[in-house]
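Colleague: Counting in numbering that gives the first Met the number 0, the sequence shown runs from 0 upward without gaps.
This is the structure I want to talk about, given as C-alpha cells.
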Amino acid sequence: MIRNLAYAGFISPNAAEWRAFGPDVLGAQVVDGADDAVRLRIDDRAWRIAVHPGEHDDIAYFGWAVTDDEIAGTIERAEGFGCTVHVDDALAAERQVGRLAWFEDPFGVRHELIDEIAGPEVFTPGRSMEGPFVTGEQGLGHVVLVLPDAERGREFVTGVLGMALSDVITTGPVVVDFYHCRTSEARHHTLATMSIPGMVGFFHLMLEVAEIDDVGRALDRVKKLKMTLPMDLGKHPNDLMTSFYVRGPSGFDIEYGTGGLVVDDADWEVGAYDHVSLWGHRAPDGGPPPPGIMRPAG
Ligand SMILES: [Fe+2]
C-alpha cells in the first residue's frame, strides 16, 4: 500500500530559477546535492522536490512511500499491469532513500517506490514563515496528472498504486478523479487525474501549509513579482483546501494552500461534485492558461 507521495522530480530548462522561486515564493529551502539539480526541502526530510536541467519542461518521476510489507505486492501488481520493474540500489543512494524500485506506467510516467527519504534534517524556511508545511504521514502534497485514458488510468491508480477514489468533479466535458491513499490519516487526494486522449501532462503540485497567514504571505509575494495566477485565492468543495495557484518557472502550477481535509479510508464514501470551487479561484481574463506540461503518451 502506498502511504503517501514522498517526492516529485521534474526536468526543466529553467531549473536554476527554482533557486529563487523555491525559497522566496514557496518558503522552501534549497539544498545542494551531488549533481546540478535544484532540490528543495520543506520539512525534516533531506529533500522533497527536485528540478533537473533539461531541454523541455517535463515530469521526471514521482516517489511513492510504500509500507515495508507491501513493496513486493506493489511490484507484483505493477508487473501484472505490464510494467517492467527495476530494483535500483545506486538510484536509491542518489535519491537518499533506503530502497527503491522503479517502473514506467503504460502512459509513460515514471514511478519510484521507496521506503523513506533520509532524515531528520534541520529545515530552515527560505523566508520567514508562521508555521510548518503539512507533511508527515500525508507526505509531500498532491499531484494532478493528465492521462490519455480515464478507465485505464483508474485501473492503474487503484489496481497498481492501491489508492481509492475520494470523489469526482465533473464540469462540462471535463472529469477529474481524486484518489486518496488507503490509510487512516490520508490527504483527501494525493493524486488526481484528468483524461485527454493521446496525451500525458502535468497540471500542478500542491503544497500545504498549516497557517492561512503563510498562504497570504506567498500570495503577496506572487503578486509583487507579477507572476501568473491561473487561479487566485479560493476554496475547493471536495478537499476544502483554501488555496491559490501560481504558474512556476517550469510550466506547471504550484497550488499553495491550507486546511485540506484528512480522510480515513475505512469510513470514506465516494462523492460527486459539479463545481471546482466553493468561492474564488478566479482565473485571469481570457481564462486559465492550459497545462504547461503536455506531451504525447507512451
Ligand atoms: Fe490541487
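Backbone N, C-alpha and C define an ideal beta-carbon position, used for all residues, glycine too.
Ligand 1 and V143: does the residue's C-beta get closer than 7 Å to at least one heavy atom of that ligand?
Modeller: Remark: the C-beta of V143 is in contact range of ligand 1, defined as less than 7 Å to any heavy atom.
Colleague: Rounded to whole angstroms, what is the Cα-Cα separation between D88 and Q95?
Modeller: 10 Å
Colleague: Would I116 and W63 qualify as a contact pair, given that the criterion is a beta-carbon distance under 8 Å?
Modeller: no
Colleague: May I have the straight-line CA-CA distance separating R18 from V37, to the nearest angstrom?
Modeller: 7 Å
Colleague: On the three-pair Cβ rule with 8 Å, is the segment 195-203 touching the segment 128-145?
Modeller: yes
Colleague: Got a sec: does ligand 1 put a non-hydrogen atom nearer than 7 Å to the Cβ of M205?
Modeller: yes
Colleague: Taking only three categories from DSSP, how would you classify F177?
Modeller: strand
Colleague: Over the uninterrupted beta strand (DSSP E) stretch that includes L99, give me the two end residues.
Modeller: For L99, the enclosing beta strand (DSSP E) starts and ends at L99 to E103.
Colleague: Got a sec? Which residues, its chain only, sit under 8 Å from P288 by beta carbon, not counting five neighbours each side?
Modeller: T227, P229 and R246
Colleague: To the nearest angstrom, how far is the alpha carbon of G270 from that of L39?
Modeller: 34 Å
Colleague: Could you tell me which uninterrupted beta strand (DSSP E) segments, each at least 3 residues in length, are contained entirely in the segment 235-278, listed from first to last along the chain?
Modeller: 241-246, 252-257 and 270-272
Colleague: Under 7 Å: does the beta carbon of E16 sit that close to some heavy atom of ligand 1?
Modeller: no
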